[in-house]
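Number of protein chains: 2
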Amino acid sequence: MPTIDDVARAAGVSASTVSYVLSGKRTISGPTQERVRQAIADLGFRPHAGARALASARTSVIALMAPLRAGVDVNVIMQFVTGVVRRAREFDHDVLLLTQDDMAGIERVSHGSMVDAVIVMDVEADDERLPALRGLKQPAVLIGLPGDERGLTCVDLDFEEVGRLALRHLTDLGHRRVALIGPPPSVLERHTSYAERMLRGYRAQAEAAGLEVLVQPCEGTAVGARAATLAVLEAMPDLTGVVVHNESALPTVLSTLRREGRRVPDDVSLVAVCPAEVALSQSIALTAIDIPAQEIGGAAVDLVMDLLTPTPPPRPGGAAAPATAAAAPVEGTDPTGSPTGTGPTRATVAPHLFPPHVTVRETTAPPRRTPA
Amino acid sequence: MPTIDDVARAAGVSASTVSYVLSGKRTISGPTQERVRQAIADLGFRPHAGARALASARTSVIALMAPLRAGVDVNVIMQFVTGVVRRAREFDHDVLLLTQDDMAGIERVSHGSMVDAVIVMDVEADDERLPALRGLKQPAVLIGLPGDERGLTCVDLDFEEVGRLALRHLTDLGHRRVALIGPPPSVLERHTSYAERMLRGYRAQAEAAGLEVLVQPCEGTAVGARAATLAVLEAMPDLTGVVVHNESALPTVLSTLRREGRRVPDDVSLVAVCPAEVALSQSIALTAIDIPAQEIGGAAVDLVMDLLTPTPPPRPGGAAAPATAAAAPVEGTDPTGSPTGTGPTRATVAPHLFPPHVTVRETTAPPRRTPA
DNA sequence: CGCGGAGGCCGAATCGGTTCGACCACGGCA
DNA sequence: TGCCGTGGTCGAACCGATTCGGCCTCCGCG
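Line by line, the protein sequences are chains A and B. Mapping to the numbering used here: the first sequence position 350 is 350, numbers consecutive. Mapping to the numbering used here: the second sequence position 26 is 398, numbers consecutive.
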């Protein structure tokens with residue numbers, strides 16, 4: 001493994017010059033750059049990550065805490081994960097994967113200076129990790145929305161709106177007898193952020209519309225899903241619409257409805273809340289509010305990068321911000337160029353929420369008029 | 373962030389003493405150790421990972437290449453991943469996640485000295501990454517079995533035996549008309565190691581038993597699985613047994629059989645090849661050859677640690693090997709204490725193959741006598 | 001009583017980069 | 001012609017650990 005000194009020698013320059021060629025932090029003449037780059041290529045030089053981290057206090061690694069908790073669909077988790085990894089790579093960063101949901105992992109990699117930042121998934125309403133996260137020397141970004149997000153940066157789909165929208169789509173079609181098949185009890189008991197928010201929005205919308213609300217938690221197993229579907233059918237025999245917020249249950253919900261003689265969408269309309277891939281891999285293409293998991297993961301990385309770039313001193317005659325290329329959702333403060341001063345250390349920016357959309361596929365239709 | 377010097381000062385010793393207390397590589401007196409540990413606790417000292425990597429040439433990080441390829445079930449991948457992460461943590465190591473399947477990622481982290489070793493998943497029969505892997509300065513462990521594993525360390529379930537065993541279980545029960553619903557075409561076209569090996573074993577066993585072999589590739593989607601099931605039923609209407617080696621297809625295969633009037637296991641027996649969790653979360657508990665994905669992932673880490681511990685010079689009067697606590701499968705050369713000399717740099721050790729077992733649950737039974 | 005050896009600790013070199021201050025040469029301007 | 005500014009490069013300090021050689025002390029033994 002050649003070192004920077006080897007490169008310097010080969011190029012006939014000093015080590016610092018090589019470093020500056022690499023980082024671009026000082027101007028180096030064209031010919032010199034050329035020689036240096038050539039030497040780097042010839043020798044196959046790759047800077048030693050540890051040495052770099054030691055000297056620059058930057059590791060080019062971000063930690064991703066993706067706890068595999070009971071009740072959360074692995075497919076969805078992996079969507080987030082790949083979104084994060086992909087986007088991180090575009091910023092020349094790697095991802096250290098933490099799967100334990102305790103704080104110890106975070107503290108270890110943080111205090112040990114193994115990472116530049118932390119992204120945390122599966123946030124709960126009153127997450128115990130919050131205070132520790134706030135105390136980190138590295139910035140932290142949450143995927144999800146805890147009850148108190150002060151001092152933290154958050155990004156997620158706007159699940160409250162998801163709840164409203166899902167129901168509204170059905171009522172707009174004319175459905176009045178609707179049930180929600182939700183996440184597993186364990187997820188709710190944990191007060192998982194997305195589940196509670198979705199539920200809140202759904203309930204609010206239902207009450208506003210004067211509908212009876214029927215909410216049925218549901219295990220992700222086949223038997224659990226079957227039981228939940230039957231329970232809903234029994235509690236509301238005249239139901240014509242279902243919202244399903246539970247990826248693992250979808251196949252069984254679908255087949256159970258069928259077995260019970262309810263055709264989809266003729267007899268009952270179904271709108272799912274899940275990633276598009278999941279909606280499309282079912283026995284029938286699901287009308288759904290797609291969870292853009294990959295995008296959200298990517299957005300989390302964008303936020304990390306924002307937090308990592310030293311706040312550009314707000315000089316008015318600005319060469320633009322160094323192109324973080326953040327395709328941020330339309331929300332919160334304007335991504336580029338803060339309107340006025342940078343504000344109180346950007347700690348109070350609004351959470352970045354992606355607006356949800358209904359994608360109509362093959363499982364929703366107006367209720368049949370006959371029973372009316 | 374306190375440094376080792378701060379600790380040394382607080383404890384009234386030199387920095388090297390602190391280091392030796394931490395590493396245990398030299399004897400330090402009891403009282404001194406006590407003072408040092410106290411100082412560490414008081415200050416909340418955590419060694420700087422970069423500095424440590426620089427000085428010791430060890431990062432305590434291992435790279436895991438887990439490409440998310442079309443056709444491989446995410447649940448299974450994640451089982452491996454968590455197995456790796458968990459076991460790595462037991463050895464005080466962290467995991468850097470690579471999801472691209474190109475070699476660039478590996479080379480980057482390897483040459484940059486970001487990791488101590490590499491674990492590679494989803495190996496193909498003639499994997500193009502092999503030569504590069506052999507050239508790495510860090511050890512590499514494959515989960516899977518390429519055609520030519522010389523110079524590489526491999527671990528996996530013995531999928532050839534899986535193929536034989538699955539079929540044998542059915543024939544032992546008396547079934548003679550059996551079909552295999554396999555992985556998606558894309559997986560086979562890539563010559564994915566596990567798929568080909570399973571198929572080979574299955575074919576061999578079928579021929580040995582003089583059975584007609586019917587193999588049906590199958591997409592992981594609901595429509596794909598339905599199509600595959602119907603195809604098999606049409607090609608072999610009198611079939612009484614199915615082997616399914618395709619996690620994502622299982623729910624639909626099951627429901628399709630049912631819809632076609634074939635009761636499981638009364639009319640047709642089904643044995644799956646999948647992780648136990650998957651077998652148990654179906655509408656009926658599947659008789660299956662469980663893929664111990666977590667264990668295999670853990671075993672990969674064990675192998676990494678073996679490769680990482682400097683080969684204990686084979687002195688006969690041995691204090692035992694430093695307890696890597698490897699629960700290795702019963703295979704290959706004896707894990708501890710090589711029978712004779714350490715052999716040619718352990719490059720030629722046999723691949724570590726886990727022996728498969730059939731776990732009988734509720735989907736297999738003898739064929740009904742009536743049609744005979 | 002003297003010597004050898006082991007136990008326990010320290011000092012300094014080292015790992016491989018980054019970064020700041022300084023230096024040099026050259027061009028423009030007065 | 002002299003001075004200043006600037007673009008381009010170098011040298012050296014520094015980041016925070018690990019590790020090797022050496023030194024001192026104390027004990028045991030002859």
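From the three backbone atoms N, C-alpha and C, an ideal C-beta is built for every residue, glycine too. None of the values given here were measured: they were computed from a predicted structure.
Contact set between residue i and chain B, taken where Cβ atoms lie within less than 7 Å
i: glutamine 282 of chain A; result: Ala594
i: leucine 97 of chain A; result: Val457, Val467 and Leu469
i: threonine 82 of chain A; result: Leu440 and Thr471
Per-residue contacts from residue i into chain B (C-beta, under 9 Å)
i: threonine 252 of chain A; result: Pro623, Ser627 and Ser655
Simplified DSSP state of residue i, which is helix, strand or coil
i: threonine 471 of chain B; result: coil
i: valine 732 of chain B; result: coil
i: valine 448 of chain B; result: helix
i: valine 640 of chain B; result: coil
i: methionine 677 of chain B; result: helix
i: alanine 660 of chain B; result: strand
i: histidine 724 of chain B; result: strand
i: glutamine 216 of chain A; result: strand
i: glutamate 64 of chain A; result: Reading off the sequence shown, one finds leucine at residue 64 of chain A, where the question assumed glutamate. Leucine 64 of chain A falls in the strand class under three-state DSSP.
i: glycine 83 of chain A; result: helix
i: aspartate 765 of chain B; result: This structure gives no information on residue 765 of chain B, because the portion of chain B shown stretches from 373 to 744.
i: alanine 227 of chain A; result: helix
i: alanine 489 of chain B; result: strand
i: valine 253 of chain A; result: helix
i: glycine 477 of chain B; result: helix
i: glycine 112 of chain A; result: coil
i: glycine 298 of chain A; result: helix
i: valine 18 of chain A; result: helix
i: valine 13 of chain A; result: coil
i: glycine 573 of chain B; result: helix
i: arginine 687 of chain B; result: Residue placement at arginine 687 of chain B is flagged as unreliable, the pLDDT there being 40, under the threshold of 50; a coordinate-derived value is accordingly withheld.
Contacts that residue i makes with chain A (C-beta to C-beta distance below 8 Å)
i: asparagine 618 of chain B; result: The premise fails here: asparagine 618 of chain B is roughly 13 Å from chain A at the closest Cβ pair, so nothing lies under 8 Å.
i: arginine 598 of chain B; result: Ser283
i: methionine 373 of chain B; result: His111, Ser113 and Lys137
Closer than 8 Å at the beta carbon, the chain B residues around residue i
i: valine 74 of chain A; result: Val446, Asn447 and Met450
Do the segment 582-594 of chain B and the segment 539-559 of chain B make contact, defined as three or more Cβ pairs closer than 8 Å? Flag = yes, the segment 582-594 of chain B and the segment 539-559 of chain B touch.
Chain A contacts from the segment 405-438 of chain B (Cβ-Cβ distance under 8 Å): Per Cβ criterion, the list reads Gly416, Arg418, Pro419, His420, Ala421, Gly422, Ala423, Arg424, Ala425, Leu426, Thr431, Val433 and Leu436.
Residues in the segment 102-124 of chain A having any Cβ partner in chain B nearer than 7 Å: Residues Val109, His111, Gly112, Ser113 and Met114.
Would you list, in sequence order, the uninterrupted alpha helix (DSSP H) runs of no fewer than 4 residues that lie entirely inside the segment 392-424 of chain B? 402-415, all fully within the segment 392-424 of chain B.
Any C-beta of chain A within less than 7 Å: which residues of the segment 541-570 of chain B qualify? So nothing in the stretch comes that close.
I'd like the ranges of any alpha helix (DSSP H) spanning at least 4 consecutive residues and lying wholly in the segment 495-569 of chain B. List check, alpha helix (DSSP H) in window: 501-507, 531-545 and 557-561.
To be precise: take each residue of the segment 659-686 of chain B, compare its Cβ to all Cβ atoms of chain A, and keep it if any distance is under 7 Å. Which residues remain? The segment 659-686 of chain B vs chain A, Cβ under 7 Å: nothing.
Are the segment 269-282 of chain A and the segment 237-251 of chain A touching, with three or more C-beta to C-beta distances below 8 Å? Put simply, the segment 269-282 of chain A touches the segment 237-251 of chain A. At least three CB pairs are less than 8 Å apart.
Can we say the segment 192-204 of chain A touches the segment 120-133 of chain A, given the rule of at least three CB pairs closer than 8 Å? The answer is yes - the segment 120-133 of chain A touches the segment 192-204 of chain A, with three or more Cβ pairs under 8 Å.
Count Cβ pairs between the segment 506-517 of chain B and the segment 673-682 of chain B that sit closer than 8 Å; are there 3 or more? By the Cβ rule, the segment 506-517 of chain B counts as touching the segment 673-682 of chain B, because three or more pairs are nearer than 8 Å.
If contact is defined by three or more beta carbon pairs under 8 Å, each pair taking one atom from either stretch, is the segment 79-97 of chain A in contact with the segment 17-32 of chain A? Result no; under three Cβ-Cβ pairs closer than 8 Å.
I want to know whether the segment 59-72 of chain A touches the segment 101-113 of chain A - three or more CB-CB distances under 8 Å. Touching, per the Cβ criterion.
With three or more beta-carbon pairs closer than 8 Å as the criterion, would you say the segment 417-431 of chain B touches the segment 626-641 of chain B? No contact exists between the segment 417-431 of chain B and the segment 626-641 of chain B.
Is it a yes or a no for the segment 725-732 of chain B touching the segment 537-546 of chain B, going by three-plus beta-carbon pairs under 8 Å? Counting Cβ pairs under 8 Å, three or more are found: they touch.
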